[in-house]
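Protein chains in written order, with the numbering used here: chain L, 446 to 515; chain G, 2 to 260.
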Amino acid sequence: MTITLNGEKKQMPDGITVIALLEFLKIQRQRVAVELNREIVKKDLYGTTAIKEGDSLEVVSFMAGGGFEF
Amino acid sequence: MIDDALIIAGIEFNSRLWVGTGKYKDFAETKKAIEASGADVVTVSVRRVNIIDKGKENLLDYIDPKKYKILPNTAGCYTAKDAVRTAMLAAEAGITKLVKLEVIGDEKTLFPDNEATLEAAKALVKEGLIVLPYVSDDPIVARKLVDIGCPAVMPLAAPIGSGLGIRNPYNLLIIMQTVKVPIIVDAGVGTASDVALAMELGCDAVLLNTAIAGAKDPISMAQAMKYGVLAGRLAYKAGRIPKKLYATASSPIEGMIGN
């Protein structure tokens, strides 16, 4: 299935959960926050939240930046 | 200076110098500069995780959240909606409930959009976040932000990254007399004397980034800023002499050799 991950189209196995996606991407879940279709996914729901075809995900973390930074 | 700790929303801060993490050459330099500054608060932005280059190092591998207080910011947000979204994601990451709220109003000046900042602050306070807003040096807006539950305010000294220093010390003084919460000067300072001046005025802390990261020798400037804050704070607490137009001799007249 195709999903949009951080603004880019990606192919992922059907029905992959948020936790499986993070593991697949080798992302430490402790330091990230996830939005699924603009709704925050609570950390304790990562294991039970399945991603569907066409879903849009944002995975964010803390980066360098003081005031205004890009 | 533990006996002079700054307390905001029950959180004890051991340093009155807070620093940003942007614009450094690499993470190693960031780490060194932060260590040299003595700051225990570091501000970070909230951005998309790099999913292409997974091996890329992460800032938090260098800045240990157990050692430093992480202050996520909403830098780059131009609307209340975006700032709230960013701040909520930062809180969900699970390290802290603190957020430095920035809603920018204009690309050229990076001045805050005070109206949108108020709107976003209201929403985030309601969600239980500890909102520290970046704001113009405007006592009225500062008061409104405190009224809606911000436990500190962060007025600018000058435009972000400008290095112009404290442009309006009198407004900062009025803010301090208007609100009874800590005042953290945020943005626009250029060198150690700017920081010292902010502290001498009675501000509770200073947050800066570019003045250190952009210096020719960031590590030395970080140290200079550390001493600037300490000197300014001590001078404020010591109580300076009043300014007078004419001289006052500091040596006694008595016992001078005669003609």
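All residues carry an ideal CB built from backbone N, CA and C; glycine is no exception.
Just to confirm, does residue i get its C-beta within under 7 Å of one of the non-hydrogen atoms of the ligand HEM?
{"i": "residue 137 of chain G", "result": "Looking at this structure, you won't find the ligand HEM or any other ligand, since it has none at all."}
Would residue i pass as an interface residue toward chain L - the criterion being a Cβ-Cβ separation below 8 Å?
{"i": "residue 89 of chain G", "result": "yes"}
{"i": "residue 128 of chain G", "result": "no"}
{"i": "residue 12 of chain G", "result": "no"}
{"i": "residue 286 of chain G", "result": "Residue 286 of chain G is absent from the structure shown; chain G starts at 2 and stops at 260."}
{"i": "residue 120 of chain G", "result": "no"}
{"i": "residue 93 of chain G", "result": "yes"}
{"i": "residue 152 of chain G", "result": "no"}
{"i": "residue 61 of chain G", "result": "yes"}
{"i": "residue 23 of chain G", "result": "yes"}
{"i": "residue 117 of chain G", "result": "no"}
{"i": "residue 9 of chain G", "result": "no"}
Kindly indicate which three-state DSSP category residue i falls into: helix, strand or coil?
{"i": "residue 21 of chain G", "result": "strand"}
{"i": "residue 219 of chain G", "result": "helix"}
{"i": "residue 30 of chain G", "result": "helix"}
{"i": "residue 509 of chain L", "result": "coil"}
{"i": "residue 86 of chain G", "result": "helix"}
{"i": "residue 469 of chain L", "result": "helix"}
{"i": "residue 463 of chain L", "result": "helix"}
{"i": "residue 448 of chain L", "result": "strand"}
{"i": "residue 515 of chain L", "result": "In this prediction, residue 515 of chain L scores a pLDDT of 33, lower than 50, which makes its location untrustworthy; no coordinate-derived value is stated."}
{"i": "residue 61 of chain G", "result": "helix"}
{"i": "residue 108 of chain G", "result": "coil"}
{"i": "residue 165 of chain G", "result": "coil"}
{"i": "residue 154 of chain G", "result": "strand"}
From residue i to residue j, what does the alpha carbon distance come to, in whole angstroms?
{"i": "residue 455 of chain L", "j": "residue 449 of chain L", "result": "6 Å"}
{"i": "residue 301 of chain G", "j": "residue 40 of chain G", "result": "The displayed coordinates of chain G run from 2 to 260. Any statement about residue 301 of chain G would go beyond what the structure contains."}
{"i": "residue 508 of chain L", "j": "residue 228 of chain G", "result": "27 Å"}
{"i": "residue 513 of chain L", "j": "residue 251 of chain G", "result": "Here residue 513 of chain L scores only 44 on pLDDT, less than 50, and its place in the model should not be relied on; the value that follows carries that caveat. Distance between the alpha carbons of residue 513 of chain L and residue 251 of chain G is about 49 Å."}
{"i": "residue 112 of chain G", "j": "residue 489 of chain L", "result": "38 Å"}
{"i": "residue 466 of chain L", "j": "residue 182 of chain G", "result": "44 Å"}
{"i": "residue 221 of chain G", "j": "residue 36 of chain G", "result": "11 Å"}
{"i": "residue 235 of chain G", "j": "residue 137 of chain G", "result": "26 Å"}
{"i": "residue 260 of chain G", "j": "residue 247 of chain G", "result": "27 Å"}
{"i": "residue 257 of chain G", "j": "residue 249 of chain G", "result": "17 Å"}
{"i": "residue 6 of chain G", "j": "residue 14 of chain G", "result": "6 Å"}
{"i": "residue 143 of chain G", "j": "residue 196 of chain G", "result": "21 Å"}
{"i": "residue 149 of chain G", "j": "residue 46 of chain G", "result": "24 Å"}
{"i": "residue 487 of chain L", "j": "residue 501 of chain L", "result": "16 Å"}
{"i": "residue 27 of chain G", "j": "residue 480 of chain L", "result": "29 Å"}
{"i": "residue 244 of chain G", "j": "residue 201 of chain G", "result": "14 Å"}
{"i": "residue 117 of chain G", "j": "residue 493 of chain L", "result": "36 Å"}
Check the Cβ-Cβ distances between residue i and every residue of chain G, and say whether any is below 8 Å.
{"i": "residue 510 of chain L", "result": "yes"}
{"i": "residue 513 of chain L", "result": "Its pLDDT being 44, under 50, residue 513 of chain L is placed unreliably by the model, and the measurement read from it follows with that caveat. Residue 513 of chain L counts as touching chain G."}
{"i": "residue 454 of chain L", "result": "no"}
{"i": "residue 503 of chain L", "result": "yes"}
{"i": "residue 451 of chain L", "result": "yes"}
{"i": "residue 463 of chain L", "result": "no"}
{"i": "residue 495 of chain L", "result": "no"}
Please report the Cβ distance between residue i and residue j, rounded to the nearest whole angstrom; I am assuming they are in contact, meaning their Cβ atoms lie under 8 Å.
{"i": "residue 133 of chain G", "j": "residue 153 of chain G", "result": "5 Å"}
Between the region 205-220 of chain G and the region 20-35 of chain G, can you find at least three pairs of beta-carbon atoms closer than 8 Å? yes
Contact the region 184-199 of chain G vs the region 157-167 of chain G: 3+ CB pairs below 8 Å: yes
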